[in-house]
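Just below is one structure, and these are the notes that go with it.
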Amino acid sequence: MDFAQLTAFICYRDLEAAQRWLSDVLGLDVVRGFGDGQQLFHVEMRRGAAVVCLQHDDRGYDVPAPKGDCVGSGLYVVVDDAAEVDAAHARAVRAGTTVLIAPESTDWGNFRTELLDPEGRQWSVGTYAPGRPDER
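Residues 3 to 138 (this note's numbering) are what the sequence shown spells out, left to right.
Dropping the structure here:
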């Protein structure tokens, strides 16, 4: 199959702002969007083989507040090297993003940063690739 077999969906009150942030900060590309001409209801975004669907939040879902440096769940963007983590962090700072964890090396061999999107959802950007066979 040449399409994503596991896709996350996230509801945003301001779908257009979320789409811009995901594109400008994390480098996701819009695949398609649906709306009524005045408002977007659904946007599909891709980065490599990964796809995330954004939905308009018309119900006012609660987003958990951070406890320390984590909100309890989030999405993780795999990049090739530390320079890409640093670049994503720099774009996030320029966009006024809340940074939970500045770029750092971890004990498990990851180089990462932890960010909150405009509505408080957590996104990680790092070099560790979950599911890839261990090459150490």
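Note that beta-carbon positions come from the ideal geometry of N, C-alpha and C, so glycine has one too.
Model, not experiment: these values are computed from the prediction.
Item                                                                             : Value
For A84, three-class secondary structure by DSSP                                 : helix
Alpha carbon of V81 to alpha carbon of V127, nearest angstrom                    : 7 Å
Best match in R114, R22, G35, D26 for proximity to D71 [C-alpha to C-alpha]      : R114
Inter-residue spacing [alpha-carbon to alpha-carbon] between T100 and L117       : 6 Å
Beta-carbon separation (whole angstroms), Q41 vs V32, contact threshold 8 Å      : Actually they do not touch by this definition, with Cβ atoms about 16 Å apart.
Backbone secondary structure at F110 - three-state DSSP                          : According to the sequence provided, residue 110 is Trp. The question's Phe does not apply to it. Three-state result, W110: coil.
A10: first and last residue of the uninterrupted alpha helix (DSSP H) it sits in : Premise fails: A10 lies in the beta strand (DSSP E), 10-14, not in any alpha helix (DSSP H).
Beta-carbon proximity list for N112, same chain, < 7 Å, skipping 5 on both sides : G128, T129, Y130
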